[in-house]
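Engineer: Structure provided below as structure tokens; questions to follow.
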Amino acid sequence: MSAEETNARAWHIYGQRQLARAYTPPIPDRLGWTPWEGIGPGAEVLGDVTGRRVLDIGSGTGHHAVHLAQAHGARVTGIELSPTQHERAVSAHADVDGVEFVQADVTEYLAGAEPFDAAYAIGTLAFIDPHRSLPALRDGLLPGAPLILSLLHTDLHGRGPSTEVAPREQTILLRDDPPLPTQMWVLAPQLWEGLLTEYGFRLETVDLFPHPDESASVIQQLLRARRLPDQPARVSSRPRSTRPPAPHAVVGVGAILLSEQGILLGRHRLGTLELPGGSVEAGESFENAVIRELAEETGLVTRAENVELLGTLVDHVEGVLRVTVGALVHSWHGRPATQPDESVGDWA
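Position one of the sequence shown corresponds to residue 1047 (our numbering), numbered consecutively onward.
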């Protein structure tokens, strides 16, 4: 049985037992993020929720949702996986204005729901794999929406949070019945921050609230996060087609030969002085282009190990972008001479 299946079974049994007792918790006077009355902030951490759509994750009997609707004017959707917990909420609060209760898996529900203005979970999100819940919450919240999570930090046995993203055994305690085994993601705040960041949230604050009885080891953590704005899609390249792109650039090489007489230059038929060089052919390295152009234009012979690439010159000629790689030729054989059918000659 998976961790989430174990948890679903435990909460189903829990709801059954509470239904048998006909117990429904009272509507609180303020929204509490810890199991201890008066410890921690109230609904203000959600911001102004008047008229806004708020998601209560793992809403249980729905008493928190009812408080937000009645005291703060929110339009609350309580999402609950356990059928028995959902039954408790509906039987007690079905006629409350501004509240609806849905029995469903939160990730599946959010896939088809209109994005919410805010979401919160009081002690419940730790029962769901965060790699499953957080991406769904990101897609189910509007950009900038708050996500408030109350989570266990240190348990009754003094065990602090885990340093790896993995569930561990915890229990649901009942006053007159045996505890129910569960699997919870009890994670260090740094892990929650990493997960929230990974899935499109910014963690704004972390608060730790110890048990009011100093002899008890339980600590609750409260995470206040916000859904980040959508980033514009990055286009890594233009769409591909079977047609070649229109040519608008030329890549070439210029060979630099230095001797006691100076630098080797030739005269173009148009009158300009030029280095030996020319366009790089398809599949040809810069070094091989230098070797070929030098032989074709001057009759000189060199080898690749004698060619040192220096840098790049970028310029425009008649609307064509030219990228020319300069190369220093350290040694060569022969004497430069004008070659037939070449536009540059009179080398000296």
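Just so it is clear, CB atoms sit at the ideal spot from N, CA and C, and this is done for glycine as well.
Quantities reported herein were computed from a predicted structural model and do not represent experimental measurements.
#1: Just to confirm my understanding: we take THR1370, look at its own chain, exclude 5 residues before and 5 after, and list those with CB closer than 6 Å. What are they?
#2: Output the boundary residues of the beta strand (DSSP E) element that contains GLN1216.
#3: In whole angstroms, what separates the C-alpha of THR1107 from that of VAL1100?
#4: DSSP on ASP1185, reduced to helix/strand/coil?
#5: TYR1166: buried (16+ other C-beta within 10 angstroms of its C-beta) or exposed?
#6: Report back the beta-carbon spacing between PHE1162 and LEU1187 to the nearest angstrom; my notes put them in contact at under 8 Å.
#7: Enumerate in chain order the residues of its own chain whose CB-to-CB distance from VAL1211 is below 8 Å, with the five nearest sequence positions on each side excluded.
#8: How is the alpha helix (DSSP H) around ARG1134 delimited, first residue to last?
#9: Measuring CB to CB, does PRO1181 end up less than 8 Å from ALA1164?
#10: Excluding five sequence neighbours on each side, which residues of the same chain lie with their C-beta closer than 8 Å to the C-beta of LEU1311?
#11: Can you tell me the Cα-Cα spacing of LEU1127 and ASP1094, whole angstroms?
#12: Buried or exposed: SER1105, going by 16 or more other Cβ atoms within 10 Å of its Cβ?
#13: How should ARG1067 be labelled, buried or exposed, when 16 other C-beta atoms within 10 angstroms of its C-beta is the threshold for buried?
#14: Which one of THR1123, GLU1154 and GLU1050 has the shortest CA to CA distance from VAL1142?
#15: Report the rounded CA-to-CA distance for ASP1151 versus SER1048, giving the unit in angstroms.
#16: Give the single residue among LEU1274, GLU1342, ASN1053 and LEU1269 whose Cα lies nearest to the Cα of PRO1129.
#17: Buried or exposed, going by whether 16 or more other CB atoms sit within 10 Å of the CB of PRO1382?
#18: Which residues mark the beginning and the end of the alpha helix (DSSP H) in which ARG1063 is found?
#19: Once you ignore the five residues that flank ALA1271 on each side, which residues in its own chain have a CB closer than 8 Å to its CB?
#20: Using CA atoms only, rank isn't needed, just tell me which of THR1209, GLY1097 and ARG1184 is closest to LEU1274.
#21: Would you call GLU1342 buried or exposed, if buried means 16 or more other Cβ atoms sit within 10 Å of its Cβ?
#22: Where DSSP assigns a beta bridge to PRO1074, which residues make up the other side?
#23: Would you kindly check if the distance between the Cβ of GLU1333 and the Cβ of VAL1347 is under 8 Å?
#24: Going by DSSP, which residues form a beta bridge with ILE1309?
#25: Give the straight-line distance between the Cα atoms of SER1179 and HIS1294, rounded to the nearest whole angstrom.
#26: CA-CA distance, GLU1154 and GLU1133?
#27: For HIS1199, count the other beta carbons within 10 Å of its own beta carbon; 16 or more makes it buried, fewer makes it exposed. Which is it?
#28: From LEU1202, ILE1059 and GLY1088, pick the residue whose C-alpha is nearest to that of LEU1260; which is it?
#29: Report the CB separation of TRP1082 from LEU1268 in whole angstroms; it is logged as a contact under 8 Å.
#30: Classify PRO1386 as buried or exposed, calling it buried when 16 or more other Cβ atoms lie within 10 Å of its own Cβ.
#31: Can you tell me whether HIS1376 is buried or exposed? The criterion is at least 16 other CB atoms within 10 Å of its CB, across all chains shown.
#32: By DSSP's criteria, VAL1369 is part of a beta bridge. Which residues make up the other side?
#33: Which first and last residues belong to the alpha helix (DSSP H) in which ARG1272 is found?
#34: Considering Cα atoms alone, identify which of ALA1140, ARG1063, SER1325 and GLU1388 is closest to ALA1111.
Structural biologist: With the structure as the only source:
#1: Along the sequence shown, read from residue 1 onward, the residue named residue 1370 stands at position 324. Hits under 6 Å: GLY1298, GLY1300 and LEU1359.
#2: Translated into the one-based positions of the sequence shown, residue 1216 becomes position 170. That run of the beta strand (DSSP E) goes 1214–1218.
#3: What you label residue 1107 is simply residue 61 of the sequence shown in a count that begins at 1. What you label residue 1100 is simply residue 54 of the sequence shown in a count that begins at 1. Straight-line Cα distance between these residues: approximately 16 Å.
#4: If you number the sequence shown from 1, residue 1185 lands on position 139. Looking at ASP1185 - three-state DSSP - the assignment turns out to be helix.
#5: Here residue 1166 refers to the residue found at position 120 of the sequence shown. When all chains shown are included, TYR1166 counts as buried.
#6: Reading the sequence shown from its first residue, position 116 is the one you call residue 1162. Reading the sequence shown from its first residue, position 141 is the one you call residue 1187. Contact flag correct, Cβ pair sits at about 6 Å.
#7: One-based indexing of the sequence shown puts residue 1211 at position 165. Closer than 8 Å at the Cβ level, and outside the excluded window around VAL1211, lie PRO1176, HIS1177, TRP1231, LEU1233, LEU1237 and LEU1241.
#8: Position 88 of the sequence shown, counting from 1, holds the residue named residue 1134. Note, ARG1134: alpha helix (DSSP H), 1129–1139.
#9: Residue 1181 sits at position 135 when you count from the first residue of the sequence shown. Residue 1164 sits at position 118 when you count from the first residue of the sequence shown. Cβ distance not < 8 Å, so PRO1181 and ALA1164 don't count as in contact.
#10: Taking the sequence shown and counting its residues from 1, one reaches residue 1311 at position 265. Contacts found: LEU1319, GLU1320, LEU1321, TRP1393 and ALA1394.
#11: Residue numbering aside, residue 1127 sits at position 81 when the sequence shown is read from its first letter. Residue numbering aside, residue 1094 sits at position 48 when the sequence shown is read from its first letter. Those two C-alpha atoms are separated by around 27 Å.
#12: Counting from 1 along the sequence shown, the entry for residue 1105 is found at position 59. Flag for SER1105 reads buried.
#13: Taking the first residue of the sequence shown as position 1, residue 1067 is located at position 21. The residue is exposed, with fewer than 16 neighbouring Cβ atoms inside 10 Å.
#14: Here the question's residue 1142 lines up with position 96 in the sequence shown. Minimum Cα distance to VAL1142 is reached at THR1123.
#15: Numbered from 1 along the sequence shown, position 105 holds the residue referred to as residue 1151. Numbered from 1 along the sequence shown, position 2 holds the residue referred to as residue 1048. Their backbone Cα atoms lie some 15 Å apart in a straight line.
#16: Position 83 of the sequence shown, counted from the start, is the residue given in the question as residue 1129. Nearest of LEU1274, GLU1342, ASN1053 and LEU1269 to PRO1129, Cα basis: ASN1053.
#17: Indexing the sequence shown from 1 puts residue 1382 at position 336. Result: buried.
#18: The residue given as residue 1063 occupies position 17 in the sequence shown. Looking at the DSSP string, the run of the alpha helix (DSSP H) that includes ARG1063 is 1049–1067.
#19: Numbered from its first residue, the sequence shown carries residue 1271 at position 225. Result list for ALA1271: PRO1192, LEU1193, ILE1194, LEU1195, LEU1242, PHE1247, ARG1248, LEU1249 and GLU1250, in chain order.
#20: Within the sequence shown, numbered from 1, the residue matching residue 1274 stands at position 228. It is ARG1184 whose Cα lies nearest to the Cα of LEU1274.
#21: Numbered from 1 along the sequence shown, position 296 holds the residue referred to as residue 1342. Exposed, since its Cβ has fewer than 16 Cβ neighbours within 10 Å.
#22: One-based indexing of the sequence shown puts residue 1074 at position 28. Paired residues: none, contrary to the question.
#23: Locating residue 1347 in the sequence shown gives position 301, where the first residue counts as 1. Locating residue 1333 in the sequence shown gives position 287, where the first residue counts as 1. Contact: no.
#24: Residue 1309 sits at position 263 when you count from the first residue of the sequence shown. Beta-bridge pairing links ILE1309 to LEU1304.
#25: Taking the sequence shown and counting its residues from 1, the one referred to as residue 1179 is at position 133. Taking the sequence shown and counting its residues from 1, the one referred to as residue 1294 is at position 248. In a straight line, the C-alpha of SER1179 is about 50 Å away from that of HIS1294.
#26: Residue mapping note: residue 1154 aligns to position 108 of the sequence shown, counting from 1. Residue mapping note: residue 1133 aligns to position 87 of the sequence shown, counting from 1. Roughly 20 Å separates the two Cα atoms.
#27: Along the sequence shown, read from residue 1 onward, the residue named residue 1199 stands at position 153. Buried.
#28: Within the sequence shown, the letter at position 214 stands for residue 1260. What sits at residue 1260 in the sequence shown is Glu, not Leu. Considering only alpha carbons, the answer is LEU1202.
#29: Sequence index remark: in the sequence shown, residue 1082 carries index 36 (1-based). Sequence index remark: in the sequence shown, residue 1268 carries index 222 (1-based). The pair is not a contact, with the Cβ atoms about 13 Å apart (cut-off 8 Å).
#30: Locating residue 1386 in the sequence shown gives position 340, counting from the first residue. Exposed is the call here.
#31: Residue numbering aside, residue 1376 sits at position 330 when the sequence shown is read from its first letter. Exposed, by the Cβ-count rule.
#32: Within the sequence shown, the letter at position 323 stands for residue 1369. DSSP lists VAL1297 and VAL1360 as partners of VAL1369.
#33: Position 226 of the sequence shown holds residue 1272. Counting along the chain, ARG1272 falls outside any alpha helix (DSSP H), though it belongs to the beta strand (DSSP E) covering 1265–1273.
#34: Position 65 of the sequence shown, counted from the first residue, corresponds to residue 1111. Per the Cα distances, ALA1140.
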